[in-house]
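Below is one structure, written out as structure tokens; the observations come after it.
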Amino acid sequence: DAKTTQPPSMDCAEGRAANLPCNHSTISGNEYVYWYRQIHSQGPQYIIHGLKNNETNEMASLIITEDRKSSTLILPHATLRDTAVYYCIVRVGGSARQLTFGSGTQLTVLP
Amino acid sequence: NAGVTQTPKFQVLKTGQSMTLQCAQDMNHNSMYWYRQDPGMGLRLIYYSASEGTTDKGEVPNGYNVSRLNKREFSLRLESAAPSQTSVYFCASSDPTSPNYNEQFFGPGTRLTVL
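Line by line, the protein sequences are chains A and B. Counting from 1, position 32 in the first sequence corresponds to residue 27 in this note's numbering; the numbering is continuous, with no gaps. Counting from 1, position 83 in the second sequence corresponds to residue 692 in this note's numbering; the numbering is continuous, with no gaps.
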């Protein structure tokens, strides 16, 4: 699985968009980009994933650069409940394998 | 649906004691996983079961054994607990055959302290 690099922490004002970057310069053609988050003391929660195209669901949007070497998770209107550690994970799909969690980004949404 | 459930929520053991952490899922998933999370760190895989009847080692299997009892249940056993096994243990499940590849569903965790 390709290695990912994320900033250790970010702040965001409540109601504003939170943009969380992730670098994955060694990503292979068959590897997906996944985002999970972990709210304090809880189990991780899946947010979104993508291969090449930008993706959007009810929780967030995922923007992947054309060369696929980096991506950005966007929470369009951050709330206090979005305060969590966000993990960017790159791996192939379709098989039972571990998710490799790095250190992630601690996002703090400020009132 | 309850999703993924884990018991117990908290446990304190003395060094050398044994215990089994229980995990069950009601989503008919084929694959199940056990992770541990030490303070300030990401999750690390201990063991996983790709399907009923199979188990494989993950990144940190030493000191642990697992049993995939049936499709629903996947237990983690510590035969002789050590202080280094103090951690939060998460169970997860997934259906690799689903269109949403590798979305893993996590339980609430078991907080284990070994004195």
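Here a beta-carbon is modelled for each residue, glycine too, at the ideal position from N, C-alpha and C.
Any C-beta of chain A sitting closer than 9 angstroms to the C-beta of G651 (chain B)?
Interface annotation, G651 (chain B): in contact with chain A, CB-CB separation under 9 angstroms.
For a quick check, are the C-beta atoms of Y644 (chain B) and F699 (chain B) less than 9 angstroms apart?
Going by C-beta atoms, Y644 (chain B) is nearer than 9 angstroms to F699 (chain B).
Run through chain B and tell me which residues come within less than 7 angstroms of Q101 (chain A), C-beta to C-beta.
Result: empty, since nearest Cβ-Cβ is about 10 angstroms, beyond 7 angstroms.
Taking 9 angstroms as the CB-CB limit, is T95 (chain A) close to chain B?
Answer yes: the Cβ-Cβ gap between T95 (chain A) and chain B drops below 9 angstroms somewhere.
Same chain only: Cβ atoms within 7 angstroms of F619 (chain B), ignoring 5 sequence neighbours per side
Excluding positions up to five away in sequence, the list reads R720.
Give the single residue among B:S693, B:R653, B:R677 whose Cα lies nearest to the Cα of S660 (chain B).
Closest by alpha carbon: B:R677.
May I ask you to verify whether the stretch 618 to 635 of chain B touches the stretch 675 to 694 of chain B, counting CB pairs closer than 8 angstroms and requiring at least 3?
Touching, yes.
Using a beta-carbon distance cut-off of less than 9 angstroms, what residues from the stretch 664 to 688 of chain B approach chain A?
Here the close residues are D665, G667, E668.
Check whether the stretch 8 to 26 of chain A and the stretch 688 to 705 of chain B touch, using three or more Cβ-Cβ pairs below 8 angstroms as the test.
Segments in contact, no.
Give a yes or no on whether the minimum CB-CB distance between Q713 (chain B) and chain A is below 9 angstroms.
It does: the Cβ of Q713 (chain B) has a partner Cβ on chain A nearer than 9 angstroms.
Q37 (chain A) versus P717 (chain B): straight-line alpha-carbon distance, rounded
Q37 (chain A) and P717 (chain B): Cα-Cα distance of roughly 6 angstroms.
Cutting at 8 angstroms between CB atoms, please list the residues of its own chain near G612 (chain B), excluding the five before and the five after it.
Here the set comprises Q634, D635, M636, F714, G716.
Same chain only: Cβ atoms within 6 angstroms of V669 (chain B), ignoring 5 sequence neighbours per side:
Result list for V669 (chain B): R653, I655, in chain order.
Could you work out which residue in A:P2, A:T0, A:K(-2), A:D6 is closest to T74 (chain A) when comparing CA atoms only?
For the set A:P2, A:T0, A:K(-2), A:D6, the Cα lying nearest the Cα of T74 (chain A) is the one of A:D6.
Measuring only between beta-carbons, confirm whether L630 (chain B) sits less than 9 angstroms from chain A.
Chain A, which has no Cβ nearer than 9 angstroms to the Cβ of L630 (chain B), makes this no.
Nearest-angstrom Cα separation, counted from R686 (chain B) out to Y673 (chain B):
Computed Cα separation, rounded: 6 angstroms.
Proximal residues of chain D, C-beta to C-beta of G45 (chain A) below 9 angstroms
Among the protein chains of the structure shown, namely A and B, there is no chain D.
Is the CB of F619 (chain B) under 9 angstroms away from at least one CB in chain A?
Judged by the 9 angstroms Cβ criterion, F619 (chain B) is not in contact with chain A.
Straight-line gap, T722 (chain B) to V697 (chain B) (C-alpha atoms, nearest Å):
Whole-angstrom Cα-Cα distance: 9 angstroms.
State the Cα-Cα distance for the pair L46 (chain A) and D62 (chain A), rounded to the nearest angstrom.
Each residue's alpha carbon lies about 11 angstroms from the other.
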